[in-house]
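Chemist: Take a look at the following structure, please.
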Amino acid sequence: MVFSTKADLVANRPLSEKMLINSWKYRKYFEKSIAAMSKVGFKYVNIGTWFYLTKSDGDPIFDNEIEKTQVALDICKKYGMKPMINFNGQNNGYLNTETWCNFNQNQLEQIKQYFSKFVQTFSNQGIIWANLNEPDNVFWAPFNERHNPRVISSWVNFSKWFIDETFEFDKNPLNVPYSCITSVADEGSDITRQAIRQGLFRRALGGISHPYVYHNHNNGQPEIMLELHEGTVAGLPLVSNEYGYSRDTSSGDHNQGYFSMAEAAKYTARQTIIQDYLGFSIIGIYCDLGDSYSIENDDCSLNLVGKMTMDLVNELNGYTIQEKIEVDSHDNVYDDIYAFRYSKDNCVDKIVYWAPEKVGLRQLSVNNKIIKLNITDYPQVVDYDGVPNPKEYFLPIKSNTSLGTEVMY
């Protein structure tokens, strides 16, 4: 069975065919989660791999990762999910000035040997190879060295070696390297430029971004991506296999900031549409199953974050984004009113709309006609026959809530 082909990395296709869940195959209820996520509309799953270090200069321990990955792939096959594989591992926190990473030369050689075995084992199955996970984070070198040109060269060269290895054993390799944590262009553009100059994407079909928007960017509102994110890298479509918003939980990562469940829900849904508009070919939500980024409840049903996003995606089932309709004057990305047109063969177009700030009942000019829309700060969808029908879709305002404008039923 071939899971994916080059067609899976084409940007111009329905949003409902792009959604990925980044899950954790080590959890005991991984299969239950994958079954549930497949049922609600996810098409892809990112399967991370891991290795350990017993001591800073000790041999890496891979702990039957190939066998564990085979089990995960069998589960993907069972539920019709397409796998993406990336690589991560424990580090010692020290910069080796011979290799310019956390690992000494002997450790790197062992890592290469095992990664090569991975490629040989799973080649020609349509695996999307996501290469190193967040090499600009602490995995590859200490975080304060992430902009060091020698450190960047170190992981770029390793990533290029891995890509070449896939071409050695895979007839049609699907490579999407990079996986950097640059949420917006100004936070990591020097890393991106150096990676491009050194040929990281020369044999790739796309590049992975982790477009986390931090709380210090206007409270984390995702529209900043439209201001600072180009949507492509080296002329190739971007892929995301991580994005989302961390909540105030006792466990999990909170470097991005603390967001309420309601904030995380509406921001994640908005960012999903923004990535689609920017031309991402696969759109992947990070889910750490029960921790700060989870989109699932304990029974693997969707929580508010997952439900708001996937309800939106399923409302647009089979629809492809066409354009952003300009409906109001604005000074920046936050005071705009967003309206995106989606189309599907033999169906009426749909409009997805919201506003970060200009919520409430508003008169807008759409196609030279004045209409009233009940604007909220979470995405809504209406059929579009030239102009939406406000009587059918837009009800009187009751009050404002944390999720935006509430309407009377």
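Heads up, the sequence shown is in numbering that gives the first Met the number 0, so the first residue is 0 and it goes up one at a time. Heads up, the beta-carbon is just placed ideally off N, CA and C, and yes, glycines get one too.
Return yes when the Cβ of LEU225 is within less than 8 Å of the Cβ of LEU204, no when it is not.
Modeler: If you number the sequence shown from 1, residue 204 lands on position 205. If you number the sequence shown from 1, residue 225 lands on position 226. Going by C-beta atoms, LEU204 is not nearer than 8 Å to LEU225.
Chemist: Check the C-beta distance from SER188 over to SER239 and give it rounded, since I have them as a contact under 8 Å.
Modeler: If you number the sequence shown from 1, residue 188 lands on position 189. If you number the sequence shown from 1, residue 239 lands on position 240. Not confirmed; about 18 Å, so no contact.
Chemist: Within its chain, find whatever has a CB closer than 7 Å to the CB of TYR333; leave out the 5 residues flanking it on each side and keep chain order.
Modeler: Along the sequence shown, one-based indexing puts residue 333 at 334. Around TYR333: ASN217, GLN220, GLU222, PRO355, GLU356.
Chemist: Decide yes or no for the touch test of the stretch 49-57 against the stretch 339-359: beta carbon pairs closer than 8 Å, at least 3 of them.
Modeler: No, the stretch 49-57 is not in contact with the stretch 339-359.
Chemist: Hey, how far is the Cα of SER158 from the Cα of TRP128?
Modeler: Position 159 of the sequence shown, counting from 1, holds the residue named residue 158. Position 129 of the sequence shown, counting from 1, holds the residue named residue 128. Spanning the two alpha carbons is a distance of roughly 11 Å.
Chemist: Compute the Euclidean distance between the alpha carbons of GLU16 and ASN316, then round it to the nearest angstrom.
Modeler: Walking along the sequence shown from the start, residue 16 turns up at place 17. Walking along the sequence shown from the start, residue 316 turns up at place 317. Rounded to whole angstroms, GLU16 to ASN316 spans 8 Å at the Cα level.
Chemist: Counting only runs that start and end within the stretch 290-351, where is the beta strand (DSSP E) found for 3 or more residues in a row?
Modeler: Entirely contained in the stretch 290-351, the beta strand (DSSP E) runs reaching 3 residues are, in chain order, 319-323, 337-342.
Chemist: Please classify MET0: is it buried, with 16 or more other beta-carbons within 10 angstroms of its beta-carbon, or exposed?
Modeler: Locating residue 0 in the sequence shown gives position 1, where the first residue counts as 1. It is exposed - the Cβ of MET0 has fewer than 16 other Cβ atoms within 10 Å.
Chemist: Nearest-angstrom Cα distance between GLN321 and PHE339?
Modeler: The residue you call residue 321 lines up with position 322 of the sequence shown. The residue you call residue 339 lines up with position 340 of the sequence shown. About 7 Å.
Chemist: For PHE121 and GLN69, what's the separation of their Cα atoms in angstroms?
Modeler: The count along the sequence shown starts at 1 and reaches residue 121 at position 122. The count along the sequence shown starts at 1 and reaches residue 69 at position 70. PHE121 and GLN69: Cα-Cα distance of roughly 8 Å.
Chemist: For ASP185, count neighbouring C-beta atoms within 10 Å of its own C-beta (all shown protein chains included) and say buried if the count is 16 or more, exposed if not.
Modeler: In the sequence shown, the residue the question calls residue 185 occupies position 186. Here ASP185 scores only 49 on pLDDT, less than 50, and its place in the model is too uncertain to base an answer on.
Chemist: What ranges does the alpha helix (DSSP H) occupy inside the stretch 219-269, keeping only unbroken runs of at least 4 residues that lie completely in it?
Modeler: Correct list: 223-227.
Chemist: Report the rounded CA-to-CA distance for TYR257 versus THR231, giving the unit in angstroms.
Modeler: For the purposes of this step, residue 257 is taken as the residue at position 258 of the sequence shown. For the purposes of this step, residue 231 is taken as the residue at position 232 of the sequence shown. So the two alpha carbons sit approximately 29 Å from each other.
Chemist: Going by beta-carbon coordinates alone, are ILE126 and PHE2 separated by less than 8 Å?
Modeler: Taking the first residue of the sequence shown as 1, we reach residue 126 at position 127. Taking the first residue of the sequence shown as 1, we reach residue 2 at position 3. Yes, Cβ-Cβ distance for ILE126 and PHE2 is below 8 Å.
Chemist: Following the continuous alpha helix (DSSP H) through ILE369, name the residue where it begins and the one where it ends.
Modeler: What you label residue 369 is simply residue 370 of the sequence shown in a count that begins at 1. Note, ILE369: premise wrong, no alpha helix (DSSP H); beta strand (DSSP E) at 368-374.
Chemist: Let me check one thing: in DSSP terms, what residues is LEU363 bridge-paired to?
Modeler: Counted from its first residue, the sequence shown places residue 363 at position 364. Per DSSP, ILE370.
Chemist: With a floor of 4 residues, list each alpha helix (DSSP H) that falls wholly inside the stretch 47-123, ordered by position along the chain.
Modeler: Counting whole runs of 4 or more residues, the stretch 47-123 contains the alpha helix (DSSP H) stretches 64-78, 104-121.
Chemist: If you follow the beta strand (DSSP E) that ALA129 is in, where does it begin and where does it stop?
Modeler: As a position in the sequence shown, residue 129 is number 130, starting the count at 1. It spans 127-131 - the beta strand (DSSP E) in which ALA129 sits, taken as one unbroken run.
Chemist: Are ILE20 and PHE41 closer than 8 Å when you measure CB to CB?
Modeler: Taking the first residue of the sequence shown as 1, we reach residue 20 at position 21. Taking the first residue of the sequence shown as 1, we reach residue 41 at position 42. Yes, Cβ-Cβ distance for ILE20 and PHE41 is below 8 Å.
Chemist: Note down, in chain order, each residue of its chain lying with its Cβ closer than 6 Å to the Cβ of LYS343, except the 5 sequence neighbours on either side.
Modeler: Within the sequence shown, the letter at position 344 stands for residue 343. Around LYS343: GLY317, TYR318.
Chemist: Use the C-beta contact count for ASP384: other C-beta atoms within 10 angstroms, 16 or more gives buried, fewer gives exposed.
Modeler: Numbered from 1 along the sequence shown, position 385 holds the residue referred to as residue 384. Exposed is the call here.
Chemist: Cβ atoms of PRO378 and ALA268: under 8 Å apart, would you say?
Modeler: Residue 268 sits at position 269 when you count from the first residue of the sequence shown. Residue 378 sits at position 379 when you count from the first residue of the sequence shown. For ALA268 and PRO378, yes; Cβs fall inside 8 Å.
Chemist: Quick one: what's TRP353 bridged to in DSSP?
Modeler: Along the sequence shown, one-based indexing puts residue 353 at 354. Partner(s): TYR337.
Chemist: Tell me the DSSP secondary structure of VAL485 in three-state form.
Modeler: Nothing can be reported for residue 485, as the shown portion of the chain is limited to 0 through 408.
Chemist: Under the assumption that VAL44 contacts PRO82 (Cβ atoms under 8 Å), give the Cβ distance between them as a whole number of angstroms.
Modeler: As a first step, residue 44 is located in the sequence shown; it is residue number 45 there, counting from the start. As a first step, residue 82 is located in the sequence shown; it is residue number 83 there, counting from the start. Correct: roughly 6 Å between the Cβ atoms.
Chemist: Give me the Cβ distance between ASP275 and ILE284, rounded to the nearest whole Å; I'm assuming they're in contact under 8 Å.
Modeler: Start at 1 with the first residue of the sequence shown, and residue 275 comes out as number 276. Start at 1 with the first residue of the sequence shown, and residue 284 comes out as number 285. Rounded, the Cβ-Cβ distance is 13 Å, inconsistent with contact.
Chemist: If we ignore side chains and look at the alpha-carbon of each, how far apart do ILE33 and MET80 end up?
Modeler: The residue you call residue 33 lines up with position 34 of the sequence shown. The residue you call residue 80 lines up with position 81 of the sequence shown. Each residue's Cα considered, the two are about 8 Å apart.
Chemist: Please report the straight-line C-alpha distance between THR248 and ASN296, rounded to a whole angstrom.
Modeler: Translated into the one-based positions of the sequence shown, residue 248 becomes position 249. Translated into the one-based positions of the sequence shown, residue 296 becomes position 297. For THR248 and ASN296, the distance between alpha carbons rounds to 13 Å.
Chemist: Name the DSSP bridge partner or partners of SER208?
Modeler: Your numbering for residue 208 matches position 209 in the sequence shown. Paired residue(s): CYS179, SER239.
Chemist: Is it right to say ASP298 is buried, meaning 16 or more other beta carbons lie within 10 angstroms of its own, or is it exposed?
Modeler: Residue 298 sits at position 299 when you count from the first residue of the sequence shown. Per the 10 Å Cβ criterion, exposed.
Chemist: Indicate whether THR375 and VAL312 have their beta-carbon atoms separated by less than 8 Å.
Modeler: Reading the sequence shown from its first residue, position 376 is the one you call residue 375. Reading the sequence shown from its first residue, position 313 is the one you call residue 312. No, they are not a contact pair.
Chemist: Let me check one thing: in DSSP terms, what residues is SER22 bridge-paired to?
Modeler: To locate residue 22, count along the sequence shown from 1; it is residue 23. Note: SER22 sits in a beta bridge opposite ILE46.
Chemist: Check the DSSP bridge columns for TYR285 and list the partner residues they point to.
Modeler: For the purposes of this step, residue 285 is taken as residue 286 along the sequence shown, with counting starting at 1. Looking at the DSSP assignment, TYR285 forms a beta bridge with ASN21.
Chemist: Let me know the secondary structure DSSP gives ASP185 once reduced to three states.
Modeler: Position 186 of the sequence shown holds residue 185. Interpretation of ASP185 is limited by its pLDDT of 49, a score under 50 that renders its predicted location unreliable; the figure taken from the coordinates is listed afterwards. Of the three classes helix, strand and coil, the one that applies to ASP185 here is helix, per DSSP.
Chemist: Just tell me which of GLU108, VAL326, ALA10 has its CA closest to the CA of ILE336.
Modeler: Taking the first residue of the sequence shown as 1, we reach residue 336 at position 337. If we check each option's Cα against that of ILE336, VAL326 comes out closest.
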